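Chemist: As given, the protein sequences belong to chains A and B, one line each in that order. Counting from 130, one number per residue, gives the positions in the first sequence under our numbering. Counting from -16, one number per residue, gives the positions in the second sequence under our numbering.
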Amino acid sequence: NAGVMQNPRHLVRRRGQEARLRCSPMKGHSHVYWYRQLPEEGLKFMVYLQKENIIDESGMPKERFSAEFPKEGPSILRIQQVVRGDSAAYFCASSPQEEQFFGPGTRLTVL
Amino acid sequence: GESVGLHLPTLSVQEGDNSIINCAYSNSASDYFIWYKQESGKGPQFIIDIRSNMDKRQGQRVTVLLNKTVKHLSLQIAATQPGDSAVYFCAETRPGRRALTFGSGTRLQVQP
Chain A
130 NAGVMQNPRH LVRRRGQEAR LRCSPMKGHS HVYWYRQLPE EGLKFMVYLQ
180 KENIIDESGM PKERFSAEFP KEGPSILRIQ QVVRGDSAAY FCASSPQEEQ
230 FFGPGTRLTV L
Chain B
-16 GESVGLHLPT LSVQEGDNSI INCAYSNSAS DYFIWYKQES GKGPQFIIDI
34 RSNMDKRQGQ RVTVLLNKTV KHLSLQIAAT QPGDSAVYFC AETRPGRRAL
84 TFGSGTRLQV QP
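1. Decide if Leu(-11)(B) is buried, meaning its Cβ has at least 16 other Cβ atoms within 10 Å, or exposed.
2. What does the Cβ neighbour count give for His153(A), buried or exposed, with the cut at 16 atoms within 10 Å?
3. Glu147(A) and Val211(A): beta carbons closer than 9 Å?
4. What ranges does the alpha helix (DSSP H) occupy inside the segment 36 to 92 of chain B, keeping only unbroken runs of at least 4 residues that lie completely in it?
5. Would you please verify whether the beta carbon of Phe174(A) is less than 9 Å from any beta carbon of chain B?
6. Mind pulling the chain A residues with CB within less than 9 Å of Asp32(B)?
7. Does the beta-carbon of Val53(B) have 16 or more other beta-carbons within 10 angstroms, so that it is buried, or is it exposed?
8. For Met37(B), does the count of other Cβ atoms within 10 angstroms reach 16, so buried, or fall short, so exposed?
9. CA-CA distance, Ile33(B) and Gly145(A)?
10. Check for me: the beta strand (DSSP E) holding Ser204(A) runs from which residue to which?
11. Could you check how far apart the C-beta atoms of Pro203(A) and Gly26(B) are, in whole angstroms? I think they sit under 8 Å.
12. Our contact map puts Phe198(A) next to Glu181(A) with C-beta atoms below 8 Å; I'd like the distance itself, whole angstroms only.
13. For Arg40(B) and Leu240(A), I'd like the C-alpha separation in whole angstroms.
14. With DSSP as the reference, label His(-10)(B) as helix, strand or coil.
15. Where does Gly(-16)(B) land, buried or exposed, given buried means 16+ other C-beta within 10 angstroms?
16. What residues from chain A crowd round Lys25(B), counting only those whose CB sits closer than 7 Å?
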């Protein structure tokens, strides 16, 4: 059973470009979570999704950020018009119930 | 506001010694607590969890203690090994909320 998969592992964007981060949950997991981690800090919750539904987006910035988890395919975290402050590691987790299993993360660098 | 925080940012121990990593939380409604280990360049790895109806839970070489009176959580690692070197995070959830609230992390350095 493969773990949570994220791609790309590293992503470099220039200011104003769009970033798309993908997350494939573990097989059988219907809950997906996105977290952001700045260097030397803990993870900060962004959004919790189930298939085709956003359940909790209380940690998502109001602008430029969006997330989806379609019926088919991976979950996508989309950041429009990136700024340098968006540079961080973005982790996806999936769960069957409470225990969350994390992917290896996508490290976004905004030039 | 609610928060989960750690007392010590860095802990250095000798190989073979026991390690204790502490965590304080502020939300008395928190009912599920997890310790994660994060190695450089990797995602958090689940270590052990505990529910608020328990005071202690043991795993392989690890023990988690929960003191709800003072809102304190600790992770004990027995016979610490070089492979235990990592950053350790506590995290919590509360009823009706699946999002994890993470502490800021403690870096464990194991000296050979």
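Quick reminder that beta carbons are idealized off the backbone N, C-alpha and C, glycines included. Quantities reported herein were computed from a predicted structural model and do not represent experimental measurements.
Modeler: According to the data block:
1. Unreliable placement is indicated for Leu(-11)(B), whose pLDDT of 45 sits below 50; the coordinate value is still reported in the next sentence. Looking at its Cβ environment, which holds 16 or more other Cβ atoms inside 10 Å, Leu(-11)(B) is buried.
2. The sequence given here places Ser at residue 153(A); His does not occur at that position. Per the 10 Å Cβ criterion, buried.
3. Closer than 9 Å, so yes.
4. None, since the segment 36 to 92 of chain B contains no complete alpha helix (DSSP H) of that length.
5. Interface criterion met: the Cβ of Phe174(A) is under 9 Å from a Cβ in chain B.
6. Near Asp32(B) (Cβ distances below 9 Å), the residues of chain A are Glu227 and Glu228.
7. So Val53(B) counts as exposed.
8. Taking every protein chain shown into account, the CB of Met37(B) has fewer than 16 other CB atoms within 10 angstroms, so this residue is exposed.
9. Taking the straight line from one Cα to the other gives about 43 Å.
10. That run of the beta strand (DSSP E) goes Ser204 to Ile208.
11. Contact annotation, Pro203(A) with Gly26(B): C-beta distance approximately 16 Å; criterion of less than 8 Å not satisfied.
12. Your pair Phe198(A) and Glu181(A) checks out as a contact, with CB atoms roughly 7 Å apart and the cut at 8 Å.
13. Rounded to the nearest angstrom, the two C-alpha atoms are 46 Å apart.
14. Its pLDDT being 47, under 50, His(-10)(B) is placed unreliably in this model, and the coordinates cannot settle the point.
15. The predicted position of Gly(-16)(B) is uncertain, since its pLDDT is 37 and thus under 50; a value taken from the coordinates is nonetheless stated next. With fewer than 16 Cβ atoms within 10 Å of its Cβ, Gly(-16)(B) is classed as exposed.
16. In chain order: Pro233.
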